[in-house]
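Input: a single structure, listed below in structure tokens.
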Amino acid sequence: MAEHILAKLDPKILGERLKSARRDLGLTQEVVADRLGFVRTTVVAIEKGERRVTADELLAFAKCYGRNLSELVRHSGFSEALTPQFRAALPNSQLETPLPEEQLLRVCHDLEARAEDYLELEELCQAPMPRDYPKQYPLEDSRVGPEQFAEDVAQEERNRLGLGDAPISDLRAVFEEAVGLRVFFFQMLPSVAGIFGYNDRLGGCIGVNISHPWYRGNWSLAHEYAHFLTTRFYADVDIMQRGRWGKLRAERFADAFAANFLMPRSGVNRRLSEVEMSRKERITIADLVTLADYFGVSVQAMCLRLENLKRVQSGSWDRLRACLRIESGPAAVDFGGGQGGEACASPQRAAMAEPTPANAKRRAEGPLSILRQALKPGDFKPDKARQALGLLRSAKRHAEWPVRYLLLAKAAYEKGELSENQLAKKLRADIVSAREIMDELDSLVISEEGEDFSIIPVDLASPVSAA
Amino acid sequence: MPAIVIQDACVLINLLASGRFEDIINGCGLSFAISQAVAREAMVLHYAETNEREKIDLQPLIGKGLLAVLAAESEAEKLRFIELTMNLDDGEAESVAIAEARHFALATDDRKARNLIQREGLNIELWSTCALLQHWQGRSSVADNEMIIILTHILQRARYRPKAGHPHFAWWTSLMSG
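The listed protein sequences correspond, in order, to chains A and B. 1 is the number of the first residue of the first sequence in our numbering; add one for each residue after it. 1 is the number of the first residue of the second sequence in our numbering; add one for each residue after it.
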């Protein structure tokens, strides 16, 4: 048996995994050799796959790297196929302030590990991800600037996906279900907005920073989708930092695509016309905040889009922020091209017009109370403005896992294809949290028979038809 | 010398959630152990009452001799451990490897581990959380109302209950509805 099991392990794959585990800890081969009482050449030979490990050596490596043996030896484990792409994509040379490369790579590894787990669940459940990938739109083939090209591509993609020019209520579901991408939200360095990687086996994989607000997550998703459309075989790591990075053609395309895909010209214009016709007033700050929520983007992104569409004066966003920094109370901001003083009252009126109990209370407190909540002296707080207007989507968070991923995990676990520990690892959770997540998937369905309604507990992962 | 039962992490968490771990361990007439890989796992209990999470510290239990920690020692055990990690997680794999080699019993609720033992025809006596609790209740004459409190704790703190089709489903439900 001894030779049999160790002979089953491909020394090259195992060597690569050991090397990667060592690098993740920032250890040199010499330090590892020293800690384990090996000579350095042994570590070198094992990592190169030139020498097979013994059982004792393998256990010692796992202990030294804090890794589970199962991670190192399983065939379907992490292969790091995307790592070279991610290494090439790390944008440090483009940034004014470089970020720690090891931490950036860890984010990339995390995305790849999640995608590998997803693929493994699909294999266990024999449920491959249906893909409906669009053709590639090579940037170098376009004869127009990246911004114009982005608008054309965004329109084509919206048409292909049957989205028309309406706001997209669940962008993630569109990319997961209609396109077949693997989308994960997870913790990243604060300045990393999102990452993208692709290979034929895993398909398109997008990771978005889960700590960013909901609307920023939408933007990052659309941005990464743009990379999938144009430069599929090149990974992307999107850093929120100014510098040369933002001037690259591919990045300009990706941002312009996000703006056009999330806020299509015709959809925005129609919505604005409706707002203007209903009140015969110029666009107010409250309108801007409401529109941003309607299209699922940040107030800044909405304002810049309106500038781009020439529906507000160029520089409105900069003025909005600058004006509000000067004064000691609610400020006047001109969003319609008129005098600054006039617009001051408009957002209050619009916001106060919302028939919520909270607004009724605020109305009683005085006309400036809503804006005082949103506009603290010295800064504009879009989130507070959203709250003041009762726009609750801003409080939403994207879920870490795709629903399909959770259902596959549950099905695999209940079939006995995953142990409870393996399930917990797939969910990056402890065992009890994993049980909680599985319990939540035993949801309730309301049955309706004439005038009678009854609640039926169901296992959402179970098939509807009998086998 | 009482029989030795190796607990995997799932059973260990459930028994710890009961709030009567020491009584159960002492009252079963068995010796209990865990594998080194299980001892290394980060385990947490959730207190629904206060919404708090408590990291489980095994050291006091090991120190009191309630649990022994065993590692794969011989070359054969180590190789079997490695082989089993191709299917199972480390904690389960080491537990099975030790139980198989040393003819110990194994306490696990894990369907995958149980299926593997059955499929490979391994000669390992199997226990489960419910089987241990029922054994302890019978041996130590624990009253039903006391058991209800224990099962409620397990349900609330470890989110465990046997599902329909489990051999102890009827035992659990009849106690809880009684």
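Where is the CB? At the ideal position from N, CA and C, for every residue including glycine.
Distance between H212 (chain A) and S447 (chain A) (C-alpha atoms, nearest Å)
Between S447 (chain A) and H212 (chain A), the C-alpha separation is close to 38 Å.
Test: T129 (chain B) CB closer than 9 Å to a CB of chain A
For T129 (chain B), the answer is no, since every Cβ of chain A falls outside 9 Å of its Cβ.
Using only alpha-carbon positions, find the residue among A:D430, A:D452, A:A434 and A:L229 that is nearest to M43 (chain B).
Measuring from the Cα of M43 (chain B), the nearest candidate turns out to be A:D430.
N-terminal and C-terminal residue of the alpha helix (DSSP H) that R215 (chain A) is part of
Here residue 215 (chain A) is Tyr; the residue named in the question, Arg, does not match the sequence. Segment W214 to T230, the alpha helix (DSSP H) holding Y215 (chain A).
Listed by chain order, chain A residues near V69 (chain B) by CB distance under 7 Å:
The premise fails here: V69 (chain B) is roughly 14 Å from chain A at the closest Cβ pair, so nothing lies under 7 Å.
Should the stretch 50-66 of chain A be regarded as contacting the stretch 6-26 of chain A, the criterion being three or more beta carbon pairs within less than 8 Å?
The way I'd put it, the stretch 50-66 of chain A does touch the stretch 6-26 of chain A; three or more beta-carbon pairs between them come closer than 8 Å.
Grab the span of the beta strand (DSSP E) containing F185 (chain A) for me, first residue to last.
Where F185 (chain A) is concerned, the enclosing beta strand (DSSP E) starts and stops at R182 to F186.
Please decide whether R114 (chain A) counts as near chain B, where near means a Cβ-Cβ distance under 9 Å.
Residue contact with chain B for R114 (chain A): absent (no Cβ-Cβ distance below 9 Å to any residue of chain B).
Pick helix, strand or coil for C303 (chain A), following the three-state DSSP scheme.
Looking at C303 (chain A) - three-state DSSP - the assignment turns out to be helix.
Consult DSSP for K163 (chain B) and reduce its assignment to one of helix, strand or coil.
DSSP places K163 (chain B) in coil when its eight states are reduced to three.
Would you mind giving the Cβ-Cβ distance between V183 (chain A) and L221 (chain A), rounded to the nearest angstrom? I have them listed as a contact below 8 Å.
Between L221 (chain A) and V183 (chain A) the Cβ distance is about 7 Å, and since that is below 8 Å, they are a contact.
Residues that I148 (chain B) bridges to, as DSSP identifies them
Paired residues: none, contrary to the question.
Going along the chain, which unbroken runs of the alpha helix (DSSP H) with 4 or more residues stay wholly within the stretch 258-293 of chain A?
Qualifying alpha helix (DSSP H) stretches, in chain order: 265-279.
Smallest Cα separation from E414 (chain A): which of B:L175, B:A39, B:A164 and B:T173?
When each option's Cα is compared against that of E414 (chain A), the closest is B:A164.
A64 (chain B): contacting residues in chain A (beta-carbon distance under 8 Å):
A small fix is needed here, since residue 64 (chain B) is Lys in this sequence, not Ala. Neighbourhood of K64 (chain B) in chain A, by CB distance below 8 Å: empty, with the nearest CB roughly 23 Å away.
For the stretch 157-176 of chain B against the stretch 125-142 of chain B, do three or more pairs of beta-carbon atoms, one drawn from each stretch, fall closer than 8 Å, so that the two count as touching?
In short, these stretches touch, since the Cβ pair count reaches three.
Who are the neighbours of V73 (chain A) on chain B, taking C-beta pairs under 8 Å?
Per Cβ cutoff of 8 Å: I82, T85 and M86.
Rounded distance between the beta-carbons of D238 (chain A) and V179 (chain A), thought under 8 Å
At roughly 19 Å, the Cβ-Cβ gap does not stay under 8 Å, so V179 (chain A) and D238 (chain A) are not in contact.
Could you give the DSSP three-state label for K12 (chain A): helix, strand or coil?
Of the three classes helix, strand and coil, the one that applies to K12 (chain A) here is helix, per DSSP.
Contact set between I45 (chain B) and chain A, taken where Cβ atoms lie within less than 7 Å:
The sequence as given places Leu at residue 45 (chain B); Ile does not occur at that position. Near L45 (chain B) (Cβ distances below 7 Å), the residues of chain A are V432.
Could you tell me whether the stretch 381-389 of chain A touches the stretch 98-113 of chain A, using the rule of 3 or more Cβ pairs below 8 Å?
No, they do not touch.
By Cβ distance, which residues of its chain are closer than 8 Å to A39 (chain B), with the 5 residues on each side in sequence left out?
Excluding sequence neighbours, A39 (chain B) sits near L58, I62 and V69.
Evaluate D468 (chain A) with the Cβ neighbour count: other Cβ atoms within 10 Å of its Cβ, from every protein chain shown; 16 or more gives buried, anything less gives exposed.
Residue 468 (chain A) lies beyond the residue range present for chain A, which begins at 1 and ends at 467; the question has no answer from this structure.
State buried or exposed for H223 (chain A), treating a residue as buried only when at least 16 other CB atoms are found within 10 Å of its CB.
H223 (chain A) is buried by the Cβ-count criterion.
How far does the alpha helix (DSSP H) with C64 (chain A) in it reach, from first residue to last?
Unbroken alpha helix (DSSP H) run through C64 (chain A): A55 to Y65.
Comparing alpha-carbon positions, which option in B:A17, B:N26, B:A71 and B:L66 lies nearest A48 (chain B)?
The option with the nearest alpha carbon to A48 (chain B) is B:A17.
Three-state class that DSSP yields for I326 (chain A) in the structure shown:
Annotation note: pLDDT 40 at I326 (chain A) (below 50); position unreliable, coordinate value reported separately. In the three-state scheme derived from DSSP, where H, G and I count as helix and E and B as strand, I326 (chain A) is classed as helix.
Pairwise C-alpha distance: E146 (chain B) and L88 (chain B):
Rounded to whole angstroms, L88 (chain B) to E146 (chain B) spans 35 Å at the Cα level.
Quick one: which residues of the stretch 42-57 of chain A get their C-beta closer than 8 Å to a C-beta of chain B? List them in chain order.
For the stretch 42-57 of chain A, which is checked against every Cβ of chain B, the residues closer than 8 Å are A55 and D56.
Just to confirm before moving on: does the CB-CB distance between Y198 (chain A) and A88 (chain A) stay below 9 Å?
Judged by their CB atoms, Y198 (chain A) and A88 (chain A) are not nearer to each other than the 9 Å cut-off.
Do the CB positions of N260 (chain A) and E151 (chain A) come within less than 9 Å of each other?
Taking C-beta atoms as the reference points, N260 (chain A) and E151 (chain A) count as a pair closer than 9 Å.
Kindly indicate which three-state DSSP category G145 (chain A) falls into: helix, strand or coil?
G145 (chain A) sits in coil when the DSSP states are folded into three classes, being neither helix nor strand.
Anything in chain A within Cβ reach of G91 (chain B), meaning under 7 Å, just list it in chain order.
Residues of chain A passing the Cβ test: N421.
What are the partner residues of L126 (chain B), as DSSP defines its beta bridges?
The bridge partners DSSP lists for L126 (chain B) are B:L106.
Distance check for S316 (chain A) and A322 (chain A), CA to CA, integer angstroms please.
Answer to the nearest angstrom: the Cα atoms are 10 Å apart.
Considering only residues of the same chain and omitting the five flanking positions on each side of R305 (chain A), which have a CB-CB separation below 6 Å?
If we look at R305 (chain A) and ignore the five residues flanking it on each side, its Cβ neighbours are A259 and M263.
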